Amino acid sequence: MDVAKYITVILASALKFIGGPLTGIAMGLSWIQTAVCTVAGMMLAVVAVAFAGEMLRQLSQRISKKPPRRFNRRTRMAVKIWKRSGMLGIALLTPLILTPIGGTVLAVSYRVHRGQIFLYMLISAVFWSVVFTLATYNIPGLQELFD
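Take the sequence shown: its position 7, counted from the start at 1, is 779 in the working numbering, and no numbers get skipped.
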C-alpha cells in the first residue's frame, strides 16, 4: 500500500475536484480508491476553509487597500446561486464550477452553519466523486496514456 499515491490524489482533489480522478488514473489506483480519496480531498479543503474562513475573511479585509467591488460577474453568479437554491445549490455546483475551496468560501461568506456546510458538501462530494471517477475511468484510451 503506497500512501504517497493516496495523498497525491487527496491533495489534487482538494485544490480542483476533477484533479482527483485524473490523478487516480495516473497513479494506477482502482476507481473505488480514487473516489474515496477524491471525497477525502474535497472534505479536507472544506474543513480547513470552514474553520479558517472567518479569520481569512478578516485578514483579506485588513490587507486590501481599496474597498472590494460589490458587483462583478463572479459575485452576481454567487448571489444568483444563493437566491435560487441556497446551500444545496452551492454544494452541488462546487465540484462542477467552483473549487472545493471556492464553494466553501462562498458558503462561509453567507454565514452558513459549519455543520450544514459539512453535511451538504459531503453529500455532494460522494455523489460527484462517483460520477467523475466512473466517467474518467471509462474514457477510451485514457488509462493507456498513463501506462
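Ideal Cβ placement from N, Cα and C applies to all residues, glycine included.
Keep in mind that this is a model prediction, so the values were computed, not measured.
Q | F789 (DSSP reduced to helix, strand or coil) | A | Position 17 of the sequence shown, counted from the first residue, corresponds to residue 789. If DSSP states are grouped into helix, strand and coil, F789 belongs with coil.
Q | Contacts around I889, its chain only, beta-carbon distance under 6 Å, and the 5 residues preceding and following it disregarded | A | The residue you call residue 889 lines up with position 117 of the sequence shown. So the list reads A822 and A879, once near-sequence residues are dropped.
Q.
Helix, strand or coil for L870? Go by DSSP, reduced to three states.
A. In the sequence shown, counting from the first residue as 1, residue 870 sits at position 98. When DSSP states are grouped into helix, strand and coil, L870 belongs to the coil group.
Q: Mark S896 as exposed unless 16 or more other C-beta atoms lie within 10 angstroms of its C-beta, in which case mark it buried.
A: Within the sequence shown, numbered from 1, the residue matching residue 896 stands at position 124. A residue is called buried once 16 or more other Cβ atoms fall within 10 Å of its Cβ, and S896 is buried on that count.
Q: Would you tell me roughly how many angstroms separate the C-alpha atoms of L864 and N910, rounded to the nearest one?
A: Against the sequence shown, residue 864 aligns to sequence position 92. Against the sequence shown, residue 910 aligns to sequence position 138. Taking the straight line joining both Cα atoms gives about 23 Å.
Q. Based on Cα-Cα distance, which residue from L783, S881 and M893 lies nearest to Q833?
A. Position 61 of the sequence shown holds residue 833. Taking only the C-alpha atoms, the option nearest Q833 is S881.
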